[in-house]
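Please read the structure below before turning to the comments.
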Amino acid sequence: MRKYFYIALVFFLVVIISGFLILPESYRPVHALVTGILLFISYLGIVDIIQEKHTIRRNFPVLGRFRYILESVRPEISQYFVESNTDGRPFNRNERSIIYQRAKGDLDTVPFGTQLDVEDIGYEWVNHSITAKHINYEDLRVTVGGPDCKQPYSSSLLNISAMSFGALSKNAILALNGGAKLGNFAHNTGEGSISDYHLQPGGDLTWQIGTGYFGCRTKDGHFNPETFQKRATLPQVKMIEIKLSQGAKPGHGGILPGVKVTPEIAKIRDVPVGQSVLSPPAHTAFSTPIELLQFVKQLRDLSGGKPVGFKLCIGHKSEFISICLAMIHLDIYPDFITVDGGEGGTGAAPQEFSNYIGAPMIDGLAFVHNILNGLDIRKYIKLIASGKITSGFHIARAIALGADTCNSARAMMMALGCIQALLCNTNRCPTGIATQDPNLTVGLVVDDKKVRVANYHEETIKSFVEMLGASGLDE
Numbered sequence: 000m001r002k003y004f005y006i007a008l009v010f011f012l013v014v015i016i017s018g019f020l021i022l023p024e025s026y027r028p029v030h031a032l033v034t035g036i037l038l039f040i041s042y043l044g045i046v047d048i049i050q051e052k053h054t055i056r057r058n059f060p061v062l063g064r065f066r067y068i069l070e071s072v073r074p075e076i077s078q079y080f081v082e083s084n085t086d087g088r089p090f091n092r093n094e095r096s097i098i099y100q101r102a103k104g105d106l107d108t109v110p111f112g113t114q115l116d117v118e119d120i121g122y123e124w125v126n127h128s129i130t131a132k133h134i135n136y137e138d139l140r141v142t143v144g145g146p147d148c149k150q151p152y153s154s155s156l157l158n159i160s161a162m163s164f165g166a167l168s169k170n171a172i173l174a175l176n177g178g179a180k181l182g183n184f185a186h187n188t189g190e191g192s193i194s195d196y197h198l199q200p201g202g203d204l205t206w207q208i209g210t211g212y213f214g215c216r217t218k219d220g221h222f223n224p225e226t227f228q229k230r231a232t233l234p235q236v237k238m239i240e241i242k243l244s245q246g247a248k249p250g251h252g253g254i255l256p257g258v259k260v261t262p263e264i265a266k267i268r269d270v271p272v273g274q275s276v277l278s279p280p281a282h283t284a285f286s287t288p289i290e291l292l293q294f295v296k297q298l299r300d301l302s303g304g305k306p307v308g309f310k311l312c313i314g315h316k317s318e319f320i321s322i323c324l325a326m327i328h329l330d331i332y333p334d335f336i337t338v339d340g341g342e343g344g345t346g347a348a349p350q351e352f353s354n355y356i357g358a359p360m361i362d363g364l365a366f367v368h369n370i371l372n373g374l375d376i377r378k379y380i381k382l383i384a385s386g387k388i389t390s391g392f393h394i395a396r397a398i399a400l401g402a403d404t405c406n407s408a409r410a411m412m413m414a415l416g417c418i419q420a421l422l423c424n425t426n427r428c429p430t431g432i433a434t435q436d437p438n439l440t441v442g443l444v445v446d447d448k449k450v451r452v453a454n455y456h457e458e459t460i461k462s463f464v465e466m467l468g469a470s471g472l473d474e
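Under numbering that gives the first Met the number 0, the first residue of the sequence shown carries the number 0, and numbering increases by one thereafter.
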């Protein structure tokens with residue numbers, strides 16, 4: 000209450016004045032210290048009363064500040080002291096720990112039994128066989144490329160999902176692509192174009208083309224075939240992905256906060272420095288299913304016959320069915336379709352879009368697989384599952400629902416050292432991954448982290464292979 004602060008001010012004044020009048024010379028240093036503290040507290044209180052932004056601080060000078068201090072450290076307190084091993088979000092402690100352990104090469108077994116409630120609604124498991132088999136995980140590759148593809152790509156079962164340079168730091172991109180090179184898997188560029196940091200390590204790339212057409216855009220933001228062809232024919236680019244929608248914010252477009260738009264990023268994307276980059280919610284190069292497939296063919300031709308597909312989160316099911324019917328009508332098929340889930344991650348998105356728009360990955364994946372099978376065109380198209388893929392079980396579940404391969408983004412970030420601080424949209428990522436602050440990115444050592452990315456990939460594939468063998472399957 001303000002009146003108590005006013006009383007305190009009077010008391011502080013009395014203490015300060017009486018100290019000057021009564022205390023001997025030897026106590027003057029102590030009195031000076033106390034005076035400084037009291038004046039500082041008084042200053043804070045006066046500022047709180049004068050300011051008009053925060054009601055709590057106006058009504059409770061000085062003391063009200065503790066509310067904001069406690070609020071600022073709430074996420075850390077919750078993660079380290081409150082949440083259990085199985086109730087954290089988006090990823091619980093058990094999920095994070097297995098990623099860290101596999102990335103570092105630490106012990107990744109658990110003692111005493113499962114911590115999951117096997118009686119819980121929604122509990123999932125894999126049926127095993129009494130005739131388990133041994134499988135060589137190195138043989139598990141999937142060839143992506145339909146009948147019109149001239150340069151099919153032999154893909155790993157687990158690849159790095161779309162994350163742009165800009166959303167991630169240059170060191171993060173270098174480490175991810177370096178890990179992809181070491182582990183022989185693919186790295187999706189995200190819609191933010193291909194940077195030198197994607198190319199330097201030499202890892203395989205999937206170039207994502209979003210609604211902003213970054214890296215292949217005209218001055219007014221439309222698609223530029225000439226600049227696309229120049230980049231698409233680079234030897235590191237193995238596949239091209241058209242981004243129709245993203246699970247974390249379908250129908251919204253991409254967001255790169257202005258604090259992350261450095262001169263370097265602005266040059267790569269052909270956008271103004273320091274201004275937030277908002278990709279349009281829809282493409283301007285096409286607007287109908289027929290035009291989409293014609294665009295697929297155009298990109299395939301311009302790239303020299305490399306695999307071209309599209310990524311989407313399932314919304315109105317009739318729209319996807321229309322795309323499938325257009326495939327049959329034109330006899331043009333994408334080489335792959337990436338099905339993203341509403342639970343997917345992002346660097347920045349409106350809360351309503353992340354929480355309430357877009358079908359979950361398992362629902363969307365099963366729907367897409369069934370529609371393609373029902374129309375007898377599944378044989379032309381590979382399916383890629385994307386959305387909270389972190390373990391061998393998640394790969395097994397996705398493949399059981401129809402996927403051919405899987406993409407993972409946040410798990411790969413955790414392999415780099417992400418601690419789920421949930422600061423991706425602030426440019427203050429403490430691990431130097433989702434930030435452009437050089438004082439933070441310097442902490443991410445590329446040569447160490449690229450090995451962790453490769454380790455995590457290898458151990459996760461091995462865990463899937465062991466589950467596959469335990470099920471009695473070998474293909």
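Beta carbons: idealized from backbone N, C-alpha and C, even for Gly.
Go through its chain and collect everything with a Cβ distance to residue 131's Cβ below 7 Å, but skip five positions before and after it.
-> Sequence index remark: in the sequence shown, residue 131 carries index 132 (1-based). So the list reads 468, 469 and 471, once near-sequence residues are dropped.
Name the DSSP beta bridge partners of residue 96, please?
-> Along the sequence shown, read from residue 1 onward, the residue named residue 96 stands at position 97. According to DSSP, residue 96 bridges with nothing at all.
Contact check, residue 259 vs residue 165 under 8 Å by CB: the rounded distance?
-> The count along the sequence shown starts at 1 and reaches residue 259 at position 260. The count along the sequence shown starts at 1 and reaches residue 165 at position 166. Rounded, the Cβ-Cβ distance is 6 Å, consistent with contact.
Among 459, 211, 293 and 233, nearest to residue 268 - alpha-carbon criterion | Taking the first residue of the sequence shown as position 1, residue 268 is located at position 269. The shortest C-alpha separation from residue 268 is found at 211.
Buried versus exposed, by CB contacts within 10 Å (16 or more), residue 5 | Position 6 of the sequence shown, counted from the start, is the residue given in the question as residue 5. Burial call: exposed.
Under 7 Å between the Cβ atoms of residue 308 and residue 225?
-> Looking up residue 308 in the sequence shown gives position 309. Looking up residue 225 in the sequence shown gives position 226. Against a cut-off of 7 Å, the Cβ pair of residue 225 and residue 308 comes out as no contact.
For the alpha helix (DSSP H) that contains residue 424, what are its first and last residues?
-> Indexing the sequence shown from 1 puts residue 424 at position 425. No alpha helix (DSSP H) contains residue 424, which DSSP labels as neither H nor E.
Backbone secondary structure at residue 260 - three-state DSSP = By 1-based counting over the sequence shown, the position of residue 260 is 261. The answer is coil: DSSP assigns residue 260 none of H, G, I, E or B.
Please state if the CB of residue 160 and the CB of residue 385 are separated by a distance shorter than 7 Å.
-> To locate residue 385, count along the sequence shown from 1; it is residue 386. To locate residue 160, count along the sequence shown from 1; it is residue 161. In contact: residue 385 and residue 160 (Cβ atoms closer than 7 Å).
Contacting residues, own chain, Cβ-Cβ under 8 Å from residue 272 (five flanking each side not counted) = For the purposes of this step, residue 272 is taken as the residue at position 273 of the sequence shown. The residues are 260, 261, 262 and 265.
Take the Cβ of residue 404 as the centre, count every other Cβ of all protein chains shown within 10 Å, and call the residue buried at 16 or more, exposed below.
-> Counting from 1 along the sequence shown, the entry for residue 404 is found at position 405. Looking at its Cβ environment, which holds 16 or more other Cβ atoms inside 10 Å, residue 404 is buried.
Find the nearest neighbour of residue 357 within the set 342, 287 and 177, judged by alpha-carbon distance.
-> Locating residue 357 in the sequence shown gives position 358, where the first residue counts as 1. Among 342, 287 and 177, the Cα nearest to that of residue 357 is on 342.
Based on the DSSP output, what are the partners of residue 157 in its beta bridges?
-> Against the sequence shown, residue 157 aligns to sequence position 158. Answer is 405.
Status (buried if at least 16 other CB within 10 Å, exposed otherwise) for residue 179 = Position 180 of the sequence shown, counting from 1, holds the residue named residue 179. Buried is the call here.
Secondary structure of residue 476, DSSP reduced to three states | The structure shown has nothing for residue 476, since the chain only spans 0 to 474.
Three-state secondary structure (DSSP) at residue 86?
-> Here residue 86 is taken as the residue at index 87 of the sequence shown, counted from 1. Three-state DSSP puts residue 86 in coil, outside helix and strand.
How is residue 34 classed by DSSP in three states: helix, strand or coil?
-> In the sequence shown, counting from the first residue as 1, residue 34 sits at position 35. It is helical.
Completely contained alpha helix (DSSP H) runs for the segment 280-341, where each covers 4 or more residues = 288-301 and 316-329
Determine the direct distance from the alpha carbon of residue 257 to that of residue 274, and round the result to whole angstroms.
-> By 1-based counting over the sequence shown, the position of residue 274 is 275. By 1-based counting over the sequence shown, the position of residue 257 is 258. So the two alpha carbons sit approximately 4 Å from each other.
Taking the beta strand (DSSP E) that residue 143 falls in, what are its first and last residues?
-> As a working mapping, residue 143 is identified with position 144 in the sequence shown. Run containing residue 143: 141-143, per the beta strand (DSSP E) assignment.
Drop a sphere of 10 angstroms on the beta-carbon of residue 332, count the other beta-carbons inside from all chains shown, and report buried for 16 or more, exposed for fewer.
-> As a working note, residue 332 is residue 333 in the sequence shown. Buried, since its Cβ has 16 or more Cβ neighbours within 10 Å.
Below 8 Å, can you find three or more Cβ-Cβ pairs linking the segment 108-118 to the segment 432-449?
-> no
Closest to residue 406 by CA distance: which of 133, 337 and 422 is it?
-> Within the sequence shown, numbered from 1, the residue matching residue 406 stands at position 407. It is 337.
Could you spell out the range, first to last residue, of the beta strand (DSSP E) harbouring residue 78?
-> Looking up residue 78 in the sequence shown gives position 79. Here residue 78 belongs to no beta strand (DSSP E), and DSSP marks it neither H nor E.
Please list the segments of the alpha helix (DSSP H) lying wholly inside the segment 186-244, counting only runs of 4 or more residues, in order along the chain.
-> 195-198 and 224-231
Does DSSP put residue 433 in a helix, in a strand, or in coil?
-> Numbered from 1 along the sequence shown, position 434 holds the residue referred to as residue 433. Coil at residue 433, not helix or strand.
How would you call residue 137, buried or exposed, if buried means at least 16 neighbouring beta carbons within 10 angstroms?
-> Numbered from 1 along the sequence shown, position 138 holds the residue referred to as residue 137. Burial call: exposed.
Alpha carbon of residue 153 to alpha carbon of residue 170, nearest angstrom = Against the sequence shown, residue 153 aligns to sequence position 154. Against the sequence shown, residue 170 aligns to sequence position 171. Cα to Cα, residue 153 sits roughly 27 Å from residue 170.
Cβ-heavy atom distance between residue 412 and the ligand COA below 6 Å?
-> The model on display carries no ligand, and the ligand COA is accordingly not part of it.
What are the start and end residues of the beta strand (DSSP E) that includes residue 384?
-> The residue you call residue 384 lines up with position 385 of the sequence shown. Element bounds for residue 384: 381-385.
Cβ shell of residue 301 (< 7 Å), same chain only, five flanking positions each side left out = Within the sequence shown, residue 301 is the residue found at index 302, counting from 1. Correct list, in chain order: 224, 227, 228 and 231.
For residue 164, which beta-bridge partners are listed by DSSP?
-> In the sequence shown, the residue the question calls residue 164 occupies position 165. DSSP, once it has assigned bridges, lists 167 as partnering residue 164.
Within 10 angstroms of the Cβ of residue 286, are there 16 or more other Cβ atoms? Answer buried if so, exposed if not.
-> Within the sequence shown, residue 286 is the residue found at index 287, counting from 1. The residue is exposed, with fewer than 16 neighbouring Cβ atoms inside 10 Å.
Identified DSSP bridge partners for residue 20 = Position 21 of the sequence shown, counted from the first residue, corresponds to residue 20. DSSP output for residue 20 lists no bridge partner at all.
Give the DSSP-derived three-state secondary structure of residue 136 in the structure shown.
-> Position 137 of the sequence shown, counting from 1, holds the residue named residue 136. Residue state, collapsed to three classes: helix.
Same chain only: Cβ atoms within 6 Å of residue 388, ignoring 5 sequence neighbours per side | Taking the first residue of the sequence shown as 1, we reach residue 388 at position 389. Excluding sequence neighbours, residue 388 sits near 405 and 407.
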